[in-house]
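If you're matching positions, the sequence shown starts at 8 in the working numbering and goes up one per residue.
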Amino acid sequence: MSKKRIHQIAKELDVASADVLFHAQELGIEVKTASSGLTEEEEELVKLAIFPEEEVEESVVETVTEVETLENENVEVQESNIEIVEVVRNSSPSKIASILNMDSTQVVADLMGIGIMKGIDSPLEDTEIEKILEKYNLIPELIDAVVVQRENIIEIENFEDNIEDLQVRAPIITVMGHVDHGKTSLLDYIRNEKVAAGEAGGITQHVGAYKVEIGETGITFIDTPGHEAFTHMRARGANVTDIVVLVVAADDGVMPQTIEAINHSKAANVPIVVAINKCDLPDANPTKIKADLTKYGIVTEDLGGDVQAVEVSAIKGTGVDDLLETLALVAEIEELKANYKTEASGYIVESRMEVGRGNVATVIVKRGTLKQGDFLYAGQAFCRVKSMFDHTNSQKKTVEPGSPIDLIGWDESPIAGDQFVVVKNQKEAKAKAEENKTKLKDFDNSSFSVESRMSDMMKLLQEGELTTVNVILKADTNGTVEAIKDGITKLANDDVKIQVVHAAVGGVVLSDVDLASATNSLIIGFNVRPDSQARNMAQSKGIDIRTYNIIYELLDDISEAVLGQMTVKTEEAVIGMVEVKTTFRAPKVGVVAGSVVTEGRVELDAKARLLRAGVVIYEGTIVSLRRFKDNVNVVNEGLECGIGLSDYKDIKEGDTIEILGEVEV
Ligand code: GDP
């Protein structure tokens, strides 16, 4: 029987191959790629699905003549021109490059070629990922990132050392503070002016992490400013940072992200050194900054507290030496020590592809001495340390604890935040990486659902095992933040304290969820809502976000929490919206709506409302849900799917379907 390839049909119909493939699979036809073939009958069905009713006749007539000339009897259909690949949502060009096994800069250039300007590490929209992959004959199957859940699967190993084996090590510093207060400028200044240039000369580029040689051990800086990276690592269980430099602009003041940085550092129990920046400006007022900071529990030495503050100018460099000396001093007080005489372990700070070097990871050694030739694993990646380069591009044979280093010799790109551990030999390192890979794969394939942490918390409170309720509070105005903070802390009783880990103006965002995860907190929003990233992350981590607009309801709930009696409240709400692009018939289901999820998600068995011109014309259940030819349970925003509604056949192109589900309130 003669068959015609999908890409040929697509060309004739002037539609994308992916469309033809999608519709064919929706019809239950066994096809995998754009090189798969369709019989004449199947082709007709697919055309009907793509161009319903009268449009079809025309296109069919047009194509039939061409078809005759192209048709061959018994065409051997070759699979494999177009492939479907899984791509994590919001992947960056460098991530796409690693999937395609090509250079990141090539992907950036190709994106530019189709009018999309993006940096190597900028996240891409769903449609941008689709467009760039289409260029390489690939269709993306977009999946949500599982990175956030890695800590559920890959545990951090803790190592014990005898006190007599411990020696001082370099402190690891993260720079945090409000946007535009000068974090990047400060890191740039220190990197350019205070790092001894190596063989390659000065370093003007961002380098993941670098070390300033001062005092006995030197000081290591993580070269990515901001609390996102810090909190994200901590939520993963990686305690990398020893000291936080809090940058506050002297001409501005304490701002929302300054407060966030303070709260994040406190929650992590990491000491703060304040860098009052932009002191070169005429309207700089360091005294006011210090006074403001006291409201947030940061009392500097000259005001009778124990926090060190240094006046600097990141642009002119004034005060930077003072700052470095202060950091060395604080590190000494903190007595940061490590065992040098053991196998190394530490954390991945970032990883990237480099021409001629392949996968390169900047890591920070936290324990032991790392040696060239060592075998190690980090998550599912394995590395035989082929060579090591420091931030000045000088090659190293050994690296001591507290130091950053670029490692070469990875089999695949390791993930930032993962712990690396040196083991005895290649066999063990590979086995560990493989074990983690299997764990991650099993995890991806299972319908893993995270139990609400709140239920656990309530149980522990009732049993008296927990004596503090941690709360992260977000609200619409400063006034409400303060009022609610006061209100809820008064609800504490003799047995249970309420600790507001972080309180700020604004919606609930990803870093709040990371902080909640690291500190086991409830998140409370007053007159604000979580954004979709925060909501998804909270869901995957089992973290509760409660939102309120009536204050006594909020206080009632927290009183219940103190008694260990807070419960998960749900109500029926719209969890997704779908637009019907086309309809076609399918065996068993009847009429299938070929749709795109425009918002939220669609779930199999969910209740659904069919709307035409805004009017509800049918209410029923989603009885069939398919992505390509597979039956699936959930389809997320931005993706196409085929939907069958219970006992309803009159679905039309242009209809919308509201998907209802139980959501926590
Ligand atoms: P970040 O958002 O905290 O990383 O801030 P940037 O380092 O990007 O700095 C924001 C702006 O403040 C830039 O225009 C810098 O040139 C300027 N800036 C940073 N530090 C200083 C400083 O010490 N003095 C002055 N006058 N300007 C500064």
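Beta carbons: idealized from backbone N, C-alpha and C, even for Gly. Owing to the predicted nature of the structure, the values given are computational and were not obtained by experimental measurement.
For residue i, the three-state DSSP class (helix, strand or coil)
i, result
"Y655", "coil"
"A499", "coil"
"F29", "helix"
"L194", "helix"
"K11", "strand"
"N706", "Because the chain spans 8 through 672 in this model, residue 706 falls outside it and cannot be assessed."
"K125", "coil"
"L632", "strand"
"M183", "strand"
"A438", "helix"
"F166", "coil"
"E47", "helix"
"K323", "coil"
"Q174", "strand"
"T248", "coil"
"F237", "helix"
"T265", "helix"
"A523", "helix"
"T487", "helix"
"V115", "helix"
"N81", "Low confidence applies to N81: its pLDDT is 39, below 50, so where it sits in the model is not reliable enough to give any reading."
"I541", "Position check: residue 541 holds Ala in this sequence, whereas Ile was assumed. Correct three-state label for A541: helix."
"V71", "A caution first: V71 carries a pLDDT of 36, below 50, which makes its placement in the model unreliable, though a value can still be read off. In this structure, V71 counts as helix in the three-state DSSP scheme."
"E200", "helix"
"T307", "strand"
"A511", "strand"
Residue i: CB within 7 Å of a non-hydrogen atom of ligand 1
i, result
"V317", "no"
"T191", "yes"
"Q288", "Here the sequence assigns Leu to residue 288, which means Gln is not the residue at that position. True, at least one ligand heavy atom lies under 7 Å from that Cβ."
"S320", "yes"
"D187", "yes"
"P100", "no"
"P263", "no"
"V254", "yes"
"K434", "no"
"N556", "no"
"N292", "no"
"G184", "yes"
"N199", "no"
"P594", "no"
"N284", "yes"
"P147", "no"
"P232", "yes"
Selection from the options that minimises the alpha carbon distance to residue i
i, options, result
"L673", "L28, D657, V372 and I305", "Any answer about residue 673 is impossible in this case: the structure gives the chain only from 8 up to 672."
"P147", "E419, D187, L646 and A177", "L646"
"R633", "D612, F389 and L473", "D612"
"K138", "G386, K497 and L118", "L118"
"F396", "V367, G424 and S566", "V367"
"K10", "L20, G44 and K18", "G44"
"T181", "I163, L140, V115 and A268", "A268"
"A216", "K393, N400, F382 and S524", "N400"
"G597", "Y655, V609, V603 and N640", "Y655"
"I495", "E93, V280 and I530", "I530"
"M360", "E164, G222 and S105", "S105"
"G661", "S653, I629, A256 and G621", "G621"
"N169", "V581, G514, N527 and G375", "G375"
"D110", "R96, I127, G122 and S98", "I127"
"E132", "E665, V507 and R96", "R96"
According to DSSP, residues forming a beta bridge with residue i
i, result
"N477", "Q506 and S528"
"I146", "I91"
"R619", "V622"
"A256", "N284"
"E342", "In DSSP, E342 forms no bridge with anything."
"G668", "A580"
"S602", "V587 and C648"
"P411", "I371"
"F533", "A482 and Y555"
"Q315", "V280"
"G627", "A615"
"K218", "T227"
"G607", "G583"
Cutoff 8 Å: residue i Cβ touching any chain D Cβ
i, result
"E442", "Of the protein chains in the structure, only one exists, and it is not chain D."
List in chain order: all unbroken alpha helix (DSSP H) runs of 4+ residues lying wholly within the region 349 to 409. none
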